[in-house]
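Yeah, the sequence shown ends on 197 if you go by our numbering, and it's all consecutive. Ideal placement from N, C-alpha and C gives every residue a C-beta, glycine not left out. Comments concern the structure below.
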Amino acid sequence: MMFEDTDDAQLMTLISEQSRPALEALYERYSNTVYSLAMHMLRDAGKSEEVTQDAFFNVWRRAGSYNASRGSVTAWLFSIAHNRTIDELRKRRRDQTHVQHGVDLTNKPEENNGSGDPMRYATLQFDRSQLKEALFTLRPEQREIVILAYFGGLTHSEISNQLGQPLGTVKTRMRLALKKLRSVLGPQYLEQTDLGL
């Protein structure tokens, strides 16, 4: 069965019914982007390939839990990949951490933001939490573009190609999303925090 004309949501329905060809079609569409997302963060080809495989394995296992009302398939997939990449970064950090005198230094603030300032670290964590909540105030198509840009590190042109949408549409949705985020978070928020937006 060919899936070229099948949209992502239909593929997810088929995957939830254990259709391997549907999973293969989704993999063909998005594996390069998932790999690029992981590679952007990990800078390790082998680990990025592992993250990509794990992300699609999770899609296979959790396809029934996908909820279209909470966002697009790509946003869900990239969220899975992003979380798996973060897990890999934590594992890497844990592997590099030495336990001294029975104290685990894994979560020292300076290891997480490079500044060594616990107050800055706490503020950054709070900011990220606020941003995550604010993302869910966006319309799904806006949230998807912000996620692709922020978590995926994609340019507007790459997002346009990935989603098959005109570049102008992507730019407009990004502009509207950032405007909404500023109204929810405060106008100075996105300018004062280093969140990649």
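Around the CB of D95, fewer than 16 other CB atoms lie within 10 Å, so the residue is classed as exposed.
Judged by beta-carbon spacing, S48 lies beyond the 9 Å limit of I147, meaning their Cβ atoms are not closer than that value. Each of A63, A9 and Y35 was checked against the Cα of S72, and the nearest Cα belongs to A9. Membership of E24 in the alpha helix (DSSP H) is indicated by the continuous run R20 to L42. Contact between G153 and L37 holds, since their C-beta atoms are separated by about 7 Å, short of 8 Å.
In this structure, the straight-line span from the alpha carbon of S160 to that of R43 is close to 24 Å.
Between L89 and M39, the gap from beta carbon to beta carbon reaches 9 Å or more. Excluding the 5 residues flanking it on each side, L26 has same chain C-beta neighbours closer than 6 Å at L11, in chain order.
About 19 Å separates the Cβ atoms of V51 and I15, ruling out a contact at the 8 Å cut-off. Between the C-alpha atoms of L181 and T172 there is a straight-line separation of about 14 Å. In this structure, DSSP gives Q162 a helical state, which the three-state scheme calls helix.
Looking only at R93, V184, S157 and R92, the smallest Cα-Cα distance to F136 is reached by V184. Taking all protein chains in view, the Cβ of R139 is surrounded by fewer than 16 other Cβ atoms within 10 Å, so the residue is classified as exposed. Note on geometry: alpha-carbon atoms of Q53 and V34 lie some 9 Å from one another. Around the CB of A45, fewer than 16 other CB atoms lie within 10 Å, so the residue is classed as exposed.
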